Amino acid sequence: MSASPSTTAPPAAEGAEAPTVRGGRGAAKRRTPISRRGERLVGYTFMTPWIIGSLVFTVGPMLWSLYLSFTDYHLILGGDFIGFANYTAMFEDPMFARAVKVTLLYVLLAVPLKLVASLAVAILLTQSRRGIGFYRAAFYMPSLIAMSVGIAIVWKALFAGGGPQDQFMSWFGWEGGGFIGNPSVSILMLVLLSVWTFGAPMVIFMAGLLQVPGELHEAAQVDGAGKWHRFVHITIPMLSPVIFFNVLMETVHAFQLFGPAFIIGGTAGGPAWSTLFYTVRIYALAFVDLRMGYASAWAWMLVLAVGVVTLIMFRAAKNLVYYAGEDNK
Amino acid sequence: MSVATEAPRVIGRRKRSGAERAKSVVWHAAMLAVLVVVLYPAFWVLTASVRENSDILTNISPIPTSITWDNFASAFDGLAGIPLWRFFWNSLVISALSVVGIVASCSITAYALGRLEFPGRKAMFAVVIATLLLPGQVMLIPQYLIFSEMDVVNTIFPLVIGKFLGLDAFFVFMYVQFLRGIPRELDQAATIDGAGHFRIFFSIMLPLLRPAIVTSSIFTFIWSWNDFMGPLIYLHEIEKFPLPRLLQSYNNTEAVSNYGGMMAMTLLSLVPVVLFFLVFQKFLIKGIATSGVKG
Numbered sequence: 041m042s043a044s045p046s047t048t049a050p051p052a053a054e055g056a057e058a059p060t061v062r063g064g065r066g067a068a069k070r071r072t073p074i075s076r077r078g079e080r081l082v083g084y085t086f087m088t089p090w091i092i093g094s095l096v097f098t099v100g101p102m103l104w105s106l107y108l109s110f111t112d113y114h115l116i117l118g119g120d121f122i123g124f125a126n127y128t129a130m131f132e133d134p135m136f137a138r139a140v141k142v143t144l145l146y147v148l149l150a151v152p153l154k155l156v157a158s159l160a161v162a163i164l165l166t167q168s169r170r171g172i173g174f175y176r177a178a179f180y181m182p183s184l185i186a187m188s189v190g191i192a193i194v195w196k197a198l199f200a201g202g203g204p205q206d207q208f209m210s211w212f213g214w215e216g217g218g219f220i221g222n223p224s225v226s227i228l229m230l231v232l233l234s235v236w237t238f239g240a241p242m243v244i245f246m247a248g249l250l251q252v253p254g255e256l257h258e259a260a261q262v263d264g265a266g267k268w269h270r271f272v273h274i275t276i277p278m279l280s281p282v283i284f285f286n287v288l289m290e291t292v293h294a295f296q297l298f299g300p301a302f303i304i305g306g307t308a309g310g311p312a313w314s315t316l317f318y319t320v321r322i323y324a325l326a327f328v329d330l331r332m333g334y335a336s337a338w339a340w341m342l343v344l345a346v347g348v349v350t351l352i353m354f355r356a357a358k359n360l361v362y363y364a365g366e367d368n369k
Numbered sequence: 684m685s686v687a688t689e690a691p692r693v694i695g696r697r698k699r700s701g702a703e704r705a706k707s708v709v710w711h712a713a714m715l716a717v718l719v720v721v722l723y724p725a726f727w728v729l730t731a732s733v734r735e736n737s738d739i740l741t742n743i744s745p746i747p748t749s750i751t752w753d754n755f756a757s758a759f760d761g762l763a764g765i766p767l768w769r770f771f772w773n774s775l776v777i778s779a780l781s782v783v784g785i786v787a788s789c790s791i792t793a794y795a796l797g798r799l800e801f802p803g804r805k806a807m808f809a810v811v812i813a814t815l816l817l818p819g820q821v822m823l824i825p826q827y828l829i830f831s832e833m834d835v836v837n838t839i840f841p842l843v844i845g846k847f848l849g850l851d852a853f854f855v856f857m858y859v860q861f862l863r864g865i866p867r868e869l870d871q872a873a874t875i876d877g878a879g880h881f882r883i884f885f886s887i888m889l890p891l892l893r894p895a896i897v898t899s900s901i902f903t904f905i906w907s908w909n910d911f912m913g914p915l916i917y918l919h920e921i922e923k924f925p926l927p928r929l930l931q932s933y934n935n936t937e938a939v940s941n942y943g944g945m946m947a948m949t950l951l952s953l954v955p956v957v958l959f960f961l962v963f964q965k966f967l968i969k970g971i972a973t974s975g976v977k978g
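Just so you know, the sequences run in chain order A and B.
My numbering numbers the first residue of the first sequence as 41 and each following residue consecutively.
My numbering numbers the first residue of the second sequence as 684 and each following residue consecutively.
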């Protein structure tokens, strides 16, 4: 992970480490109150909670779940090593196909819609006008509550049959009823919930936009470049590290949507599996059916998928993302 | 679609032309339209909480036809004979412990990773970065097995222990980034004055880390307050439920007959988060802008 994802953070002081007093330079007879060994000792002392925690609660469990994924472990019945049987079974499991379809559809709809909305509003909000602070705060607020159970319940009501969405759309001739009971559109509830949180990437876009040097736009304007031209050839390239960061984070998170999907669709992803998100299915397999071996195989499949998507993005970023001050060939 | 430059501001200060004014009107109209869409759900739940049951689902208008406070009365009654304040208290305990854990553990972990030199530091930092992108679901099952082996399922221990061990990669990363912005000369000066690393950490770094501490505390509080998956897996007795679990149970059992009570309860559960937001708004937005926090 070479690219530093945070674009606006202060420049890392790593490379520019001034020669310190610590250790070495014995000939100079300068007092070195803290020896290298002391620093090591303090380092490991400070890292102790993290090291224990990682071994017991993250790195250890990861390896364990990898092992479990090759067993038919059941919480009560126990289980044995079965090789790749879970992985081959997955591809014949109709639920797997359904969960993958729902999750991919959600990622492909929610991420672009949310990011386009957030970039558009961010651009509007970086114009110097009155009330920007207020709008920014108001647009950001949903991001803090959207993933709560409370809002999921509100969402169920907003999209219920005869509810606000149904009534509003029926003015325009809609006959599909509330989204919540209609399997062909029910996923849109979750897409809209995601778009509703456009404020979080918007704030990041705004910070990025304010760093685009004004001289570039002025110079281009003098050369006769129109607004659209300047947007495509100046704003977008200068903003590309921030765009990359937002696309990456939003995608990785979208693959893992759980709470709202669980409240809205239940463990079965109703109606008719149309909201059967991948993580909801993992939960149902592991904690309802107690088939923890099989569920682990599902979880590792998710890790693989997110890993591949992340890799592809970093590859693409090499050619598409412009880092000012670096030689991009 | 011009981006903020110095130019428009200068023009704005001069006499505004008709075209400028028209543009400004269009801009405000667009922002207000977005605002209405964004705030509609919040406004809807606000008014739904004071409506009669029959009026909630059938009326698209945000203005209630009649106002009743019964919904709040039934919300305060809680569920299964346990009053609502009890669930608030449960949520508060989890969130407060999480904040303490995050601040204590992330600051020392980040200080070691960002400021000290010791073998294995780079590898450990790589693990932190990797867990940033790693789907947590993959650790869920073994973690559950470990916690049930430790006999702590149905307590809040599994919900907060990770926070005390610095396992929240996101905040560790945020603290490290923040530490990198603090000049090394400070440590060096302190070292020359004879301060050890513990002194440097407690007397110099912690006070300077204050903005990061405040931002991470606010986000931790809100995220723990909203967390649903943890309590869903680990808490099974209703007296121990935090608010999200209460809402889910209420939604499954009582909501059919008492929709208004459900909405009042939902509203009350969101109030602390919204209040937090209103009070710390500046910090939150600055924090997210500088470190790319996901909201």
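Here a beta-carbon is modelled for each residue, glycine too, at the ideal position from N, C-alpha and C.
Quick caveat, the model's predicted, so the values are computed rather than measured.
Neighbour flag for Pro888/B against chain A, beta carbons, 8 Å: Note that residue 888/B is Met in the sequence shown, not Pro. No, no contact with chain A.
From which residue to which residue does the alpha helix (DSSP H) around Thr319/A run? Tyr318 to Tyr323
For a contact defined as C-beta to C-beta under 9 Å, what are the partners of Gly299/A on chain B? Asn909, Asp910, Phe911, Met912, Leu915 and Pro927
Provide the residue(s) that pair with Tyr762/B in DSSP beta bridges, ordered along the chain. The amino acid at residue 762/B is misidentified as Tyr; the sequence shows Leu. For Leu762/B, which the question treats as bridged, DSSP gives the partners Ile765/B.
Mapping DSSP to helix, strand and coil, what is Gly118/A? Note: Gly118/A maps to strand in three-state DSSP.
Partners in chain B for Thr291/A, counting only beta-carbon separations shorter than 8 Å: Result: empty, since nearest Cβ-Cβ is about 10 Å, beyond 8 Å.
For the candidate residues Ile901/B, Pro825/B, Asn935/B and Cys789/B, whose alpha-carbon lies nearest to that of Lys115/A? In the sequence on display, residue 115/A carries Leu and not Lys. Taking each of Ile901/B, Pro825/B, Asn935/B and Cys789/B in turn and checking the Cα distance to Leu115/A, the smallest one comes out for Pro825/B.
Met229/A versus Trp90/A, Leu149/A, Arg355/A and Leu250/A, residue with shortest Cα-Cα distance: Leu149/A
Could you check if Val282/A belongs to the surroundings of the ligand MG, using beta carbon to heavy atom distance under 7 Å? Of ligands this structure carries none, so the ligand MG is not represented either.
To the nearest angstrom, how far is it from the Cα of Arg176/A to the Cα of Tyr794/B? 33 Å
With DSSP run on the structure shown, which of helix, strand or coil describes Thr111/A? strand
Counting beta carbon pairs with one atom in the stretch 336 to 348 of chain A and one in the stretch 108 to 127 of chain A, are three or more of them shorter than 8 Å? yes
Restricting to runs no shorter than 4 residues, where is the alpha helix (DSSP H) found entirely within the stretch 194 to 245 of chain A? Within the stretch 194 to 245 of chain A, the complete alpha helix (DSSP H) runs of at least 4 residues are 204 to 210 and 227 to 236.
Grab me the residues of Phe354/A's own chain with a C-beta within less than 6 Å of its C-beta, minus the 5 sequence neighbours each way, in chain order. Apart from the 5 residues on each side of it in sequence, Phe354/A has no Cβ closer than 6 Å to any other Cβ in its chain.
Closer than 8 Å, Cβ to Cβ, to anything on chain B: give me those residues from the stretch 88 to 112 of chain A, in chain order. Pro89, Trp90, Ile91, Ile92, Gly93, Ser94, Val96, Phe97, Thr98, Val99, Gly100, Pro101, Met102, Trp104, Ser105 and Leu108
Are at least three pairs of beta-carbons, each pair with one atom in the stretch 176 to 186 of chain A and one in the stretch 229 to 245 of chain A, less than 8 Å apart? yes
Here's the rule: buried if 16 or more other CB atoms are within 10 angstroms of the residue's CB, otherwise exposed. What is Gln251/A? exposed
To the nearest angstrom, report how far apart Asp329/A and Ile865/B are at their CA atoms. 51 Å
Does any CB atom of chain B fall closer than 8 Å to the CB of Leu184/A? yes
Rounded to whole angstroms, what's the CA-CA distance from Glu922/B to Asp760/B? Just pull it up for me. 14 Å
With DSSP run on the structure shown, which of helix, strand or coil describes Asp876/B? Shown here, Asp876/B sits in coil according to DSSP, grouped into three states, outside any helix or strand.
Inspect the beta-carbon positions of Leu953/B and Phe960/B and report whether they are closer than 8 Å. no
So, is the C-beta of His648/B closer than 8 Å to a C-beta in chain A? A query on residue 648/B cannot be resolved here, the shown segment of chain B reaching from 684 to 978 and no further.
Looking at the structure shown, is Pro73/A part of a helix, part of a strand, or coil, going by DSSP? Residue placement at Pro73/A is poorly supported in this model, since its pLDDT is 48, which falls under 50; the coordinates are not used for a value here.
Hey, quick one: how far does the alpha helix (DSSP H) through Pro300/A stretch, first residue to last? Gly299 to Gly305
Neighbour flag for Thr319/A against chain B, beta carbons, 8 Å: yes
Three-state class that DSSP yields for Ile839/B in the structure shown: coil
Suppose you measure from the CA of Ala340/A to the CA of Ala813/B; what does that come to, to the nearest Å? In the sequence on display, residue 340/A carries Trp and not Ala. Cα to Cα, Trp340/A sits roughly 15 Å from Ala813/B.
Report the neighbours of Arg882/B on chain A: residues whose CB is nearer than 8 Å to its CB, in chain order. Those do not exist, as Arg882/B stays about 10 Å from chain A at its closest Cβ, beyond 8 Å.
Beta-carbon of Pro825/B versus every beta-carbon of chain A: anything under 8 Å? yes
Skipping 5 residues on each side, what residues in its chain have a beta carbon closer than 8 Å to that of Pro277/A? Tyr362
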